[in-house]
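Accompanying notes for the structure given below.
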Amino acid sequence: MSATAISPVAAVPTVRRRRVARLHARIGTAGMVAVAFLAVVALAAILAPLIAPNPNAEDLLNITAGPSLGHPLGTDELGRNLLSRLIWGARTSLLGPLIVIGAATGVAVPVAAVAGWRGGAVDLAISRLLDLMFAFPGLLLAILVVALYGTGLVPCSIALAISYMPWIARVARSGIVRERHKPYIAAAEVQGVSGFAICVRHLIPNISSIIWSQVTISFGYALVDLAALSFLGLNIQPPTSDWGVMVNNENALLDGHPVEVLYPCLLIVLCVTAVTYVGNRLASEEERRAR
Amino acid sequence: MTRYLGRQLASMIVLLLLSSIVIYGSMYLAPGSADAVLFGNHTVLPAVRKAVDAQYHLGRPFFVQYWDWLTAALHGNFGLSIALRTPVSQRLSAAAPTTIFLVVYASILITVAGIGLGVLSALGGRKLDGAIMALTNVGTSVPTFVAAIILIEVFALDLHWFPVLGAGSGFFGRLQHLTLPAFALAAWAVAYLTRVTRTSMRDELRGEHVATARARGLSESVVIRRHVFRNALLPIVTVSGLQVAGLIAGTIIVEQAFGLNGLGQLLLSAVEQKDFATVQAVSLVLVAAFVIVNTLVDIAYTMLDPRIRLGAREA
Amino acid sequence: MSALLEVDQLAVQLPIGQRLRPVLHDVSFTLARGEVLAVVGESGSGKSMTARAIVRLLPPGAASSGRVTFDGTDVGSATRAQLRELRARRVGMIFQDPRAAINPIHRIGDFLTEALVRDRRMRKAEAHERAVAVLGEVGIDDPGRRLRQHPHELSGGMLQRVMIASVLLAEPDLILADEPTTALDVTTQAEVVAVLGDLRRERAMAMVFITHDLELAAAISDRVAVMYAGYLVETLPAAQALERPIHPYTEALLRSRPELSRRMAAIPQIPGRPLAAHEATGGCPFQPRCSYAIERCAAERPEPVRLGGESVMCHRAQERRAAGSAPVGEGTLVR
């Protein structure tokens, strides 16, 4: 558990350093590497307008070119800078799952809190509703929504948020049910604290780590699903640069220029691996602590 | 047992009805009238419009419309495809064989390879276990469409072992054409099932009942088969069933990647053609398959575990 | 008559964390045909490990040394086939928790007849008949119906009877009973012990009976072996175990049982906590908790000495025997 392994943060205030050390203790060195990788990708996405030239600028004299100073990863079939497209692509590719999981969690946690807190018939009704939602595959729901509202990030994200909601809600509900019967909750109830306040101040904060691990894992799945929807031509539309869109280019494979497809593939795999690894570490840490 | 089966069947039917309501009713959630959704941007002849109106009874109350649509669908009549002016059922039956072949092929791969590798990993030496686990680490981090791209690039374009596109005809033609798609479709699930199988086997191996079996001098193969694998089967069946159910959605991606004219491709082109009758029909078929497979898994699970079989589940 | 079972200098190490740690130290004893030896000790003292080592049923990664000889054959160097033969026909094992030890997935009938049908190639009908008969013997009524049931439909006491029946079916020469009543209700404990004792006697099977209950041990056995921290500290005739044990640990065990005949202010306890086998140092393992300890006890581990029918691992064994050891029940040793 050496804090030296993460020397770049040595200069930040001690509170934050302690937080980093605590995270390190939970997810290990490999987990910190994963987090660092994700941070670099996210930073690149945020700073894209500053660091990457126009991803749609076509350099028709240099199509399918190899790496050069101007195009560090070469160009695609229209002479567009691949590195620039990957960096700009990170924006939509990461923003999408952020919207999906944010919306899903925002609905799931209150729903789970109501189910877990009220119990009885309310719980039963909500649980049944969640079961029903599990019966509808997310990808299919997204396609249905696209058929009605047209393609794009918004309809796809809404559809996926709906299909991810029950997963997060189920995990949160079981956490709340477990926590609900602990003495400190009864103590708060006896003191006359309102159910709402107990949920917001005690229950939800106490299960936040369970929610976080599920949210992290779900983020990885959402990233894959949105990229898959782009790949199917339903999410982000070309020429906007997006990893899934870049993969949806079988002509490049057939024309013997696979790198422009393989780079985004690699980035997707790396991001998913990193996110899933961190999520699984958080989950197993949670399991260990529950025992 | 009969009561349990009855309840499972009832809940399956309820799920099917509710999903079909969602699929049918969704066209009322769209911007614009149901009329506009159904006809999309197509200019239609009065005769076609009449036929569609007869199918959907658009003026009538919602549940009457829905019921007519559903009963017609159950009789194999999914209405008219606005884009092609042909019955939707024709398009469905043309596309279904490819998808069914693909899903069955991938299901076989998943169960055979997933369970096989998992058992090997649990029983084999440390090196074998490490190698298989490394493989599953890769497998679970590669999304289906990436697997498809890599398989196309390596085995179709570089090595020329398999054709790139198309579904082939005849059994062996299909087998050859659908091998790469089936592998792409199965890859993630194989890796996942391998892990589940390994964990489950290892848990059982530590069980006291295995020590009993060994203490009774039973042969190692009997111990492994009857007391380890048989007990480990419960989570394995559940997970393989869920994976197979998941294939039904995954097939859309693989069909797109390999240019296969299956149900997934039909769904996508219907979306593109704004052919909502076809979208509804394919969605209904896919969701129904998904729900039915899930129910079968639940029932299989119950058959395998005597503790649940006798109604301990009520609690 | 030569001994049925000879255990000589048996030592076992288990992988705990990264290292191999000893759980059994130089355990030696013999068992004659038809004889019952009770092994007594606290949890973690190595009782179960001793029983498992007899049939080489050790956890993966375990290392062992010493010699176990069963009816003239060396168990340590037995081939896989010989070992299976030994486990299947000569030695039967009864486990502590029948719920965990009987596979929940198969029917009781399958469990009972499995070995007969799969291993001895007996016809199913015959195996079934035998199972019915032996279930009746262990006191289960309506055996035919029970055979069709699953373990979760039977009570713990019933299941342990099934376990006993499964061992009787194999007609072994030796039964290893590893705390067979610990997981059961008090009321069923006595019944199960009685069934096991009676049926064993009828068939003249030898038995190693493991328990933490000294009185039960003395009641069921011919001889009692007392274990502490992986050492066999005393072996003595059952009749003597409750009267005048020599080893201070046995004496302390005896004192720390609550007496039923009179009200006690407090149940005497042995001071200190039990030692894990790997924590034992150079001296006597019981020395830190022993009120008779002398300087030598901390420095030098005693070797077992034979005194008449007994074997005792204590430096002061001679003088304690001569003194007739302390009269039990006065509470001089403990608070």
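Protein chains in written order, with my numbering: chain A, 1 to 291; chain B, 1001 to 1315; chain C, 2001 to 2335.
Even for Gly, the Cβ is constructed at its ideal location relative to N, Cα and C.
Legend entry - Proximity to C/R2223 [Cα-Cα], best of C/G2109, C/R2107, C/E2310: C/E2310
Inset, instruction - State the Cα-Cα distance for the pair B/D1068 and B/N1231, rounded to the nearest angstrom. - result: 47 Å
Inset, instruction - Run down chain B in chain order and give the residues with a C-beta less than 7 Å from the C-beta of C/V2055. - result: A1215
Inset, instruction - Assuming A/V111 and A/I126 form a contact by the criterion Cβ under 8 Å, report the distance between their Cβ atoms to the nearest whole angstrom. - result: 6 Å
Legend entry - Contact check, C/L2005 vs C/L2174, beta carbons under 8 Å: yes
Inset, instruction - May I ask you to list, following chain order, the residues of the segment 2141-2152 of chain C that have a beta carbon less than 8 Å from some beta carbon of chain B? - result: H2150, H2152
Legend entry - Stretch pair the segment 190-203 of chain A + the segment 222-236 of chain A: three plus CB contacts closer than 8 Å: no
Inset, instruction - Could you say which of C/S2048, C/A2317, C/L2031 lies nearest to C/T2182 if we only look at CA atoms? - result: C/S2048
Inset, instruction - Let me know the secondary structure DSSP gives C/I2175 once reduced to three states. - result: strand
Legend entry - Span of the alpha helix (DSSP H) around A/P49: 48-51
Inset, instruction - Return no unless some Cβ of chain A is closer than 8 Å to the Cβ of B/I1152. - result: yes
Inset, instruction - State yes or no: is the beta carbon of B/H1075 nearer than 8 Å to at least one beta carbon in chain C? - result: no
Legend entry - Nearest-angstrom beta carbon gap, A/P55 and A/N81 [assumed within contact, 8 Å]: 7 Å
Inset, instruction - Pair every Cβ in the segment 2038-2057 of chain C with every Cβ in the segment 2151-2158 of chain C, then say whether three or more of these pairs are closer than 8 Å. - result: no
Inset, instruction - For chain C, find out if any of its Cβ atoms is closer than 8 Å to the Cβ of B/G1311; answer yes or no. - result: With a pLDDT of only 46 at B/G1311, under 50, the local geometry of the prediction cannot be trusted, and no value is derived from it.
Legend entry - Assumed close pair A/V35, A/V278 - CB separation to whole angstroms, cut-off 8 Å: 6 Å
Inset, instruction - Specify the secondary structure class of B/S1081 as computed by DSSP and reduced to three states. - result: strand
Legend entry - Alpha-carbon spacing of C/G2046 relative to C/M2205, whole angstroms: 24 Å
Legend entry - Environment of B/K1274 [buried if 16+ CB atoms lie within 10 Å]: buried
Legend entry - Delimiting residues of the alpha helix (DSSP H) encompassing C/P2271: Taken as a continuous stretch (DSSP letters only), C/P2271 belongs to no alpha helix (DSSP H), as it is neither H nor E.
Inset, instruction - Determine the chain B residues that contact C/M2093 at a beta-carbon separation under 9 Å, and present them in chain order. - result: A1211, T1212, A1215, R1216
Legend entry - Helix, strand or coil at C/S2028 [DSSP, three-state]: strand
Legend entry - Segment contact flag, the segment 205-219 of chain A with the segment 94-106 of chain A, C-beta cutoff 8 Å, min 3 pairs: yes
Inset, instruction - To the nearest angstrom, report how far apart C/P2022 and C/H2152 are at their CA atoms. - result: 37 Å
Inset, instruction - Could you tell me which residues DSSP pairs with C/D2008 in its beta bridges? - result: C/R2067
Inset, instruction - Could you tell me the boundaries of the alpha helix (DSSP H) in which B/L1159 lies? - result: Where B/L1159 is concerned, there is no enclosing alpha helix (DSSP H), given that its DSSP letter is neither H nor E.
Inset, instruction - For B/V1190, collect the residues of the same chain with a Cβ closer than 6 Å to its Cβ; drop the 5 residues on either side in sequence, then sort them by chain order. - result: I1110, A1113, G1114
Inset, instruction - Could you tell me whether any Cβ in chain C is nearer than 8 Å to the Cβ of B/S1219? - result: yes
Inset, instruction - Would you tell me roughly how many angstroms separate the C-alpha atoms of A/I51 and A/A45, rounded to the nearest one? - result: 9 Å
Inset, instruction - Please confirm if B/L1102 has its CB atom under 8 Å from at least one CB of chain E. - result: Looking at the structure shown, chain E is missing, and the protein chains on hand are A, B and C.
Inset, instruction - Label A/E250 either buried or exposed according to how many other C-beta atoms from any shown protein chain fall within 10 Å of its C-beta, with 16 as the threshold for buried. - result: buried
Inset, instruction - Give the single residue among B/V1285, B/V1022, B/R1126, B/K1050 whose Cα lies nearest to the Cα of B/T1099. - result: B/V1285
Inset, instruction - May I ask you to list the residues that DSSP assigns as paired with C/A2206? - result: C/L2174
Inset, instruction - Determine the contact status of B/R1202 and B/A1131, defining contact as a CB-CB distance below 8 Å. - result: no
Inset, instruction - Could you name the residues that DSSP lists as bridge partners for C/L2214? - result: Answer by DSSP bridge pairing: none, since C/L2214 is not bridged.
Legend entry - Below-8 Å beta-carbon distance, C/P2104 vs any chain B residue: yes
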